[in-house]
Ligand SMILES: Cc1cc2nc3c(=O)[nH]c(=O)nc-3n(C[C@H](O)[C@H](O)[C@H](O)COP(=O)(O)OP(=O)(O)OC[C@H]3O[C@@H](n4cnc5c(N)ncnc54)[C@H](O)[C@@H]3O)c2cc1C
Ligand SMILES: Nc1ncnc2c1ncn2[C@@H]1O[C@H](COP(=O)(O)O)[C@@H](O)[C@H]1O
């Protein structure tokens, strides 16, 4: 069985994040890394591989040169090979193009199971997994808080506000997992050394049979025309709770705001 | 005037508040037409009160049996038939997935987590943990827009909303992810977290005792939220987690008790109208966001406030 994990290279959320002049995410402003939420997907793939026979875990990213960092991290965690979809034409692609390109790459890689994170930590749309599935005509069992693979089917537990659902899909299928699915492992020293020898292929748009003119910023299906940093918040009032002064101030705040 | 399709959400036989917000926004763009994935008889009056000019009820059994895909397929057929100016969906986990599938089917652009919508369907979004505001438009196809709950206040605009049942064809491909089991969760009896006007959240600083947090929430008629640290410790269910991997809330009042204010937590509450923090540590980053910060022990501050609130309410 082959599991393809889709991982995204994102700006570090704890650093400065902003936009470049063309309103795309400024990748210079902060260091990038493998999206923490995609580490959970890599982790689940590795756990399936550890429990099953002959399970191969391949990671795939669509992103700029630096996105190789994300593949490297996943290989260090234990994935066996990487695919980097890299093409200058892709810059500025929106969810529609991104999912179309990822779907084409999935077709070429021919996995039995595609594993994704619940959302990217930058775009945070949480739509790419179902959109990839829609392009492929595959079922999607998304937002799994747990995952199980058996007898050619994948089963996830999906928690909604009102119920806990058990969802089953026949493979090939697309699955996404949440940060409830289980802590992701840190790469071991052995893993870090082994990663250096693992194969990474690079695919461009021509390898995927995609017209470069149909992707990227100019071909995007939605357009950002304004990006504005939020004005710094005016400093609020800070009250130490000496002799109940804090609770008194809080009660006044509630009364002024008509919450009482 | 063109139509705007609004995917209505019905909870416990009632129209969910975010749907009323969608109807209010939809009226800026065109005539709202509500699509209900259930029997619409009991909800048509409310939908009409908020401006729905028609209610379409989709009753295919596949809607309940399979995840997301049948709803997207039904909407795609309705859009093909009626050629609306836009499709509006609530930005819940499911709503965004319906939107994503619909966008692929229609060959349309999609914008998620909008906080506002203009007459030309241009959207406003708040990104990077609320630090940036983005204006964007869909340039291809029928705009598919998911809107965050509590972004605007619903306003009534009474009309008559005739109900009609639409039959849709659900393909085999949309029946791929079967819901084999559904275990209902116990209701908290408090307002829905994403819809509540007041949210009182507790973090690691509660030490596991949410009693004071719940008591204040109840005194103010609010919902209870939790940080991931509190959820991961098993102190509160994950459904109540606020933040990047939990719920995004935008209430009139957000009170963070014993929460440090990590970027991932802020991502879920930064757009709240008023923010109050109660924390022992004067250096806690949450204070930088707070309109009012109380430096103190939440187990003392919260009960004192609760008592006074109750006294004033009589
Ligand atoms: C990918 C990713 C996603 C994440 N998603 C989320 C998310 O959705 N939501 C989320 O919340 N976090 C999320 N986190 C975790 C986040 O980074 C923080 O770890 C978390 O928010 C910390 O929770 P906390 O503030 O309760 O705990 P802490 O950071 O430990 O803070 C506890 C605070 O309580 C104060 N305190 C202690 N005792 C008292 C007392 N008696 N009275 C008053 N104050 C007291 C302390 O001074 C401290 O400031 C995510 C992290 C990652 C990496
Ligand atoms: N550029 C990309 N390369 C690989 N995987 C991606 C990319 N963008 C999104 N994904 C996958 O889709 C998930 C959801 O992304 P999003 O819809 O952007 O929030 C991520 O967690 C990844 O698993």
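Protein chains in written order, with this note's numbering: chain A, 1 to 260; chain B, 261 to 574. Positions of the beta carbon are idealized from the N, C-alpha and C atoms, including for glycine.
How is the beta strand (DSSP E) around residue i delimited, first residue to last?
i, result
"residue 256 (chain A)", "No beta strand (DSSP E) holds residue 256 (chain A); the alpha helix (DSSP H) holding it covers 245-256."
"residue 375 (chain B)", "370-377"
"residue 514 (chain B)", "513-517"
"residue 460 (chain B)", "458-462"
"residue 143 (chain A)", "140-144"
Per DSSP, what are the beta-bridge partners of residue i in this structure?
i, result
"residue 240 (chain A)", "B:555"
"residue 3 (chain A)", "A:57, A:113"
"residue 291 (chain B)", "B:263"
"residue 275 (chain B)", "B:270"
"residue 392 (chain B)", "A:229, B:387"
"residue 539 (chain B)", "B:555"
"residue 562 (chain B)", "Its beta-bridge partners do not exist; DSSP assigns none."
"residue 28 (chain A)", "DSSP lists no partner for residue 28 (chain A)."
"residue 203 (chain A)", "A:85"
"residue 444 (chain B)", "A:163"
"residue 404 (chain B)", "B:347, B:370"
"residue 534 (chain B)", "B:513"
"residue 431 (chain B)", "Paired residues: none, contrary to the question."
"residue 124 (chain A)", "Bridge partners of residue 124 (chain A): none, in fact."
"residue 223 (chain A)", "B:397"
"residue 157 (chain A)", "A:146, A:166"
How would you call residue i, buried or exposed, if buried means at least 16 neighbouring beta carbons within 10 angstroms?
i, result
"residue 424 (chain B)", "exposed"
"residue 232 (chain A)", "exposed"
"residue 122 (chain A)", "buried"
"residue 40 (chain A)", "buried"
"residue 126 (chain A)", "buried"
"residue 406 (chain B)", "buried"
"residue 367 (chain B)", "exposed"
"residue 379 (chain B)", "exposed"
"residue 193 (chain A)", "exposed"
"residue 497 (chain B)", "exposed"
"residue 500 (chain B)", "buried"
"residue 449 (chain B)", "exposed"
"residue 274 (chain B)", "exposed"
"residue 375 (chain B)", "buried"
"residue 330 (chain B)", "buried"
"residue 301 (chain B)", "exposed"
Taking the C-alpha atoms as reference points, what is the distance between residue i and residue j?
i, j, result
"residue 286 (chain A)", "residue 341 (chain B)", "Here chain A covers residues 1 to 260 and nothing more, so residue 286 (chain A) does not appear."
"residue 573 (chain B)", "residue 298 (chain B)", "40 Å"
"residue 143 (chain A)", "residue 241 (chain A)", "42 Å"
"residue 558 (chain B)", "residue 465 (chain B)", "8 Å"
"residue 422 (chain B)", "residue 303 (chain B)", "11 Å"
"residue 115 (chain A)", "residue 244 (chain A)", "52 Å"
"residue 118 (chain A)", "residue 95 (chain A)", "14 Å"
"residue 483 (chain B)", "residue 164 (chain A)", "21 Å"
"residue 284 (chain B)", "residue 111 (chain A)", "45 Å"
"residue 335 (chain B)", "residue 224 (chain A)", "26 Å"
"residue 386 (chain B)", "residue 393 (chain B)", "5 Å"
"residue 569 (chain B)", "residue 471 (chain B)", "16 Å"
"residue 477 (chain B)", "residue 556 (chain B)", "19 Å"
"residue 295 (chain B)", "residue 138 (chain A)", "26 Å"
In the DSSP assignment, find the unbroken alpha helix (DSSP H) run with residue i in it and report its ends.
i, result
"residue 382 (chain B)", "No alpha helix (DSSP H) contains residue 382 (chain B), which DSSP labels as neither H nor E."
"residue 192 (chain A)", "189-195"
"residue 310 (chain B)", "Run containing residue 310 (chain B): none; DSSP gives neither H nor E here."
"residue 471 (chain B)", "471-479"
"residue 41 (chain A)", "36-51"
"residue 11 (chain A)", "It is not in any alpha helix (DSSP H) - residue 11 (chain A) instead sits in the beta strand (DSSP E) that spans 9-11."
"residue 316 (chain B)", "First-last for residue 316 (chain B): 314-317, but that is the beta strand (DSSP E), not the alpha helix (DSSP H)."
I'd like the list of long-range same chain contacts for residue i, defined as Cβ closer than 7 Å, with 5 residues on each side in sequence excluded.
i, result
"residue 420 (chain B)", "308"
"residue 549 (chain B)", "521, 526, 530, 535"
"residue 372 (chain B)", "351, 356, 359, 406"
"residue 438 (chain B)", "325, 326"
"residue 280 (chain B)", "310, 414"
"residue 67 (chain A)", "9, 61, 84"
"residue 361 (chain B)", "328, 329, 332"
"residue 468 (chain B)", "493, 495"
"residue 166 (chain A)", "155, 157"
Got a sec? Which residues, its chain only, sit under 6 Å from residue i by beta carbon, not counting five neighbours each side?
i, result
"residue 547 (chain B)", "537, 553"
"residue 276 (chain B)", "269"
"residue 487 (chain B)", "463, 519, 525"
For a test of your reading of the model: does the CB of residue i fall under 8 Å from any non-hydrogen atom of ligand 4? Yes or no.
i, result
"residue 117 (chain A)", "Inclusion of ligand 4 in the displayed structure is not the case, the ligand content consisting of ligand 1 and ligand 2 alone."
Identify, in the order they occur along the chain, each residue of the same chain with its Cβ nearer than 8 Å to the Cβ of residue i, setting aside the five sequence neighbours on each side.
i, result
"residue 402 (chain B)", "339, 343, 344, 345, 346, 347, 366, 368"
"residue 109 (chain A)", "2, 4, 58, 60, 83"
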